[in-house]
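Working notes, structure below.
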Amino acid sequence: MRKNRREVIKILGAAGGLLALGGGALAQAPAKPLAVGKIPPAEVPWESGRCAFCGMPIKTPPGGWKGKKLPPGFFERTYAQIVFEDGEALHFESLACMFNYAYAKGIVDGEGATFYVMAVDGSQVPCKPIGLVPAREAIYVWGQNLMTTMKAHLLATRGVEDARTLARKRAGKIGRVHFLTFDLLWDLAPVPEANLVPLLAKHTGLL
């Protein structure tokens, strides 16, 4: 039976917080290969695409963003998309933006739509985007000081081993670390990120 947000928070609190690094049944799950979901992923409009939630470009601008220099692939590593049965697709610059847009609009993965996220190679510093995976198959890494767009502190990996590698390579630098599954992020949405309240108000029609 699907648990509501309050029930999930209660369970997490009793367990001492979100899934701990390397702990619980999650740590035993095998890494999943790159794959496609029910609806194949859409072509990514890297040159012209904008985030459907926050409006940012989905590709790292050559000159940086708002006065900040960024490494190549910085925006691309947190890219996500929602593809619909009619072939239409929505593109997102941040993983959090995808979850929050779906929350605001009532879009459900597996019900006429498939969610995809960009997996990263956490063995490299900075990590590199390596390809899209169905969002339900990814393991997500939240790091207290993990630098990502929209201040979401969230990256996607292909599985637990990749997630552990990402965290290990940055031990002592990114503070507290948690592993998250798709279902946890979905149940706890809206996911914290920059400008969350006005963006949710906009997409739910309150503004």
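Quick note: the sequence shown, position 120, residue 121 per our numbering, numbers continuous. Positions of the beta carbon are idealized from the N, C-alpha and C atoms, including for glycine. It should be emphasised that the depicted structure is a prediction, and the values quoted were computed from it without experimental measurement.
For the alpha helix (DSSP H) that P199 lies in, which residues bound it at each end?
L197 to H204
Just to confirm, are Y102 and I108 a CB contact at a threshold of 9 Å?
yes
Range covered by the alpha helix (DSSP H) that runs through A114
No alpha helix (DSSP H) contains A114, which is instead part of the beta strand (DSSP E) from A114 to D122.
Does DSSP classify L71 as helix, strand or coil?
coil
Under 8 Å, with one C-beta from each stretch per pair, do the region 62-69 and the region 119-126 reach the 3-pair mark?
no
May I have the straight-line CA-CA distance separating G56 from W187, to the nearest angstrom?
22 Å
Quick check: what's the CA-CA separation for P72 versus L156?
16 Å
Starting from V161, trace the alpha helix (DSSP H) in both directions and tell me its first and last residue.
V161 to K170
Checking 9 Å against the spacing of the C-beta atoms, do L93 and Y104 come in under that value?
Note that residue 93 is Phe in the sequence shown here, rather than Leu. In this structure, Y104 does not lie closer than 9 Å to F93 by Cβ.
Return helix, strand or coil for L185, following the three-state DSSP convention.
helix
Per DSSP, which one or two residues make a beta bridge with A97?
DSSP lists no partner for A97.
So Y141 is in the beta strand (DSSP E); what residue range does that whole segment cover?
I140 to G144
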